[in-house]
Amino acid sequence: MPEEQRVIFHCDCNSFYASVELLTRPELKNVPAAVCGNPQHRHGIILAKNEAAKKYGIQTAETVASARRKCPQLALLPPHHELYRAYSKQVNAIYARYTEFVEPFGIDESWLDMTASWHLFGPSPVAVAHRIRREVKAQTGLTISVGVSFTKAFAKLGSDYKKPDAVTEFSPENYRQLVWPLPVDALLYVGHSARQTLGKLGITTIGQLAAASPQVLEAALGKLGMELWGFARGEEGSPVRSMYEKREVKSVGNGLTFPRDLTTLADARAGLVALSDEVASRLRAHGLYAGAVQITVKDAGFKTITRQAQLATPTHLAKDIAAAALTLLQQNWRFPAPIRMLTVTALNVSHSAAAQLSLFAPEAGQEDVRRENLEKSLDSIRGKFGKSAIASASALRADMGLGGLKIKENRKKGE
13 MPEEQRVIFH
23 CDCNSFYASV
33 ELLTRPELKN
43 VPAAVCGNPQ
53 HRHGIILAKN
63 EAAKKYGIQT
73 AETVASARRK
83 CPQLALLPPH
93 HELYRAYSKQ
103 VNAIYARYTE
113 FVEPFGIDES
123 WLDMTASWHL
133 FGPSPVAVAH
143 RIRREVKAQT
153 GLTISVGVSF
163 TKAFAKLGSD
173 YKKPDAVTEF
183 SPENYRQLVW
193 PLPVDALLYV
203 GHSARQTLGK
213 LGITTIGQLA
223 AASPQVLEAA
233 LGKLGMELWG
243 FARGEEGSPV
253 RSMYEKREVK
263 SVGNGLTFPR
273 DLTTLADARA
283 GLVALSDEVA
293 SRLRAHGLYA
303 GAVQITVKDA
313 GFKTITRQAQ
323 LATPTHLAKD
333 IAAAALTLLQ
343 QNWRFPAPIR
353 MLTVTALNVS
363 HSAAAQLSLF
373 APEAGQEDVR
383 RENLEKSLDS
393 IRGKFGKSAI
403 ASASALRADM
413 GLGGLKIKEN
423 RKKGE
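For what it's worth, the numbering used here labels the leading residue of the sequence shown as 13, then goes sequentially.
The following block contains the structure:
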């Protein structure tokens, strides 16, 4: 008996942040509007824009100043992240009425595996997709675009194909005609760097990628080349995970855009210590250890570099994470070149602290035990009296904005 063809939906909330804001500001519906960070805190970039603003060519992540040059009458709205999380939860709860296999891909997108359940809700997968689209709109006021296909990659492509408030199906019968002529960077995980590499190979469309030599792609892009080749050919079969499946934390990161540029090593060290302290605290809360540390540095011109290094032994101590981060910075940055933003991320996290102990330096292990007890005591104080109850002296410098740092946890890609 032949295997049943998969039915995968990708549901994408249209202009999510902006759409949520406009629910309480209906007078701005047809006015160019954008959600942006606070320019006074140097977070002055566009986070989302409505359909009217898109007509002016305004792009997500461009500066407010640039967007205002394109559209002087642009209405700027502050973000309300708690509200976005609440709406995301509500929308995903609607999806869960149709299948237990709901896998979020960011706050505003989710994959649904409808293979076993679509026939319970309508005469065809496309009809069910329209039903979900109408239900989300009626119950939340938000619109979604839905891609319907037999792979996650093509379903994602379908939700991007026609916006807003639309359904697109890429089937085994039509994907060669509809998908293959599209530009290669429309495909999932083809970013700027991969697009440039593929362009040097003469590959500019998804069809050309599908027809390329897998050996050539692997030589040029490594494992990603083979993955993209499978995507383009409709051979991607990764599962949509159940909403009840426990998500594994893959990394824990924390970043901050500073109120002023950092131009000295002392300033950067203070920032890295505070960021590493937050990351280490969350690792301990999860019972996790970092096997590697990554730093991301953004300069005053918004140019970004990312560097990482493996740790000699797994750790969840702030001093170890900060030391590794500082070493990476010293190896890759020359002051007084200004730093606008720093991020510290713990990578290769696991529940194991296994390490090869030295017979010649037992005091090192004893020092780690003392340090761990100290940092756990700090966790306890902060848990009882708040995160700002105790901090390093360098973190108390108001001019660097180190108070109120927030943790970012990264699970598997897209979660």
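Each residue gets a CB set at the ideal place from its N, CA and C atoms; glycine is no exception.
Query                                                                                                                     : Result
Check whether valine 252 and isoleucine 106 have beta carbons under 9 Å apart                                             : no
Residue burial classification, threonine 36 (beta-carbon count within 10 angstroms, cutoff 16)                            : exposed
DSSP bridge partner residues for aspartate 24 (one or two, in chain order)                                                : Glu121 and Ser157
Short Cβ contact (9 Å threshold) for leucine 354 with leucine 277                                                         : no
Per DSSP, the bridge partner or partners of glycine 267                                                                   : Thr355
At least 3 beta-carbon pairs within less than 8 Å: the region 186-195 vs the region 211-227                               : yes
Serine 122 beta carbon less than 9 Å from that of valine 103                                                              : yes
Contact set for leucine 236: own chain, Cβ-Cβ below 8 Å, skip 5 residues either direction                                 : Tyr201 and Ala206
Cα-Cα separation, leucine 329 to arginine 352                                                                             : 26 Å
Asparagine 266 burial status per 10 Å Cβ neighbour count (16 or more: buried)                                             : buried
Alpha-carbon spacing of serine 293 relative to leucine 323, whole angstroms                                               : 18 Å
C-beta contact flag for glycine 56 and alanine 77 at 9 Å                                                                  : yes
Cβ-heavy atom distance, threonine 355 to the ligand NAP, below 8 Å                                                        : Ligands in the displayed structure: none, and consequently the ligand NAP is not present.
DSSP bridge partner residues for phenylalanine 182 (one or two, in chain order)                                           : Ser161
Counterpart residues of aspartate 311 in DSSP-defined beta bridges                                                        : Ile351
Threonine 318 classed as buried or exposed, judged by whether at least 16 other C-beta atoms fall within 10 angstroms     : exposed
Leucine 132 classed as buried or exposed, judged by whether at least 16 other C-beta atoms fall within 10 angstroms       : exposed
The region 143-152 in contact with the region 38-45 per 3-pair CB rule at 8 Å                                             : no
Inside the region 48-87 only - beta strand (DSSP E) runs reaching at least 3 residues                                     : 58-61
Nearest residue (CA-CA) to isoleucine 215, options Gly234, Ala244 and Ala286                                              : Ala244
Residue(s) in a DSSP beta bridge with glutamine 306                                                                       : Gln320 and Thr357
Cβ shell of glutamate 74 (< 8 Å), same chain only, five flanking positions each side left out                             : Ile57 and Ile58
Alpha-carbon spacing of alanine 401 relative to aspartate 289, whole angstroms                                            : In this predicted model, alanine 401 has a pLDDT of only 45, less than 50, meaning its place in the structure is not dependable enough to derive any value.
Per-residue burial, glycine 211 [other beta carbons within 10 Å of its own, 16 or more giving buried]                     : exposed
Spatial neighbours of asparagine 360 in its chain, beta-carbon cut-off 6 Å, leaving aside the 5 residues before and after : Gly303 and Ala304
CB contact flag (cysteine 23, serine 129, <9 Å)                                                                           : no
Distance between glycine 234 and threonine 345 (C-alpha atoms, nearest Å)                                                 : According to the sequence as given, residue 345 is tryptophan; it is not threonine. Spanning the two alpha carbons is a distance of roughly 28 Å.
Alpha-carbon spacing of arginine 281 relative to cysteine 25, whole angstroms                                             : 40 Å
Assumed close pair threonine 327, isoleucine 333 - CB separation to whole angstroms, cut-off 8 Å                          : 7 Å
Rounded straight-line distance, which links the Cα of leucine 274 to that of leucine 371                                  : Reliability fails at leucine 371, whose pLDDT of 43 lies under 50, so the model's placement of it is uncertain and the value that follows must be treated cautiously. One C-alpha to the other measures close to 42 Å.
Whole-number beta carbon distance between threonine 72 and lysine 82, since they are thought to touch under 8 Å           : 13 Å between Cβ atoms; not a contact.
Classification of glycine 118 by the beta-carbon crowding that lies within 10 angstroms, buried from 16 upward            : exposed
Whole-angstrom distance between threonine 357 and histidine 298, CA atom to CA atom                                       : 15 Å
Where leucine 89 sits in the DSSP three-state scheme                                                                      : strand
Assigned secondary structure, alanine 231 (DSSP; H/G/I helix, E/B strand, else coil)                                      : helix
CB-CB length for serine 31 against threonine 155, believed under 8 Å                                                      : 7 Å
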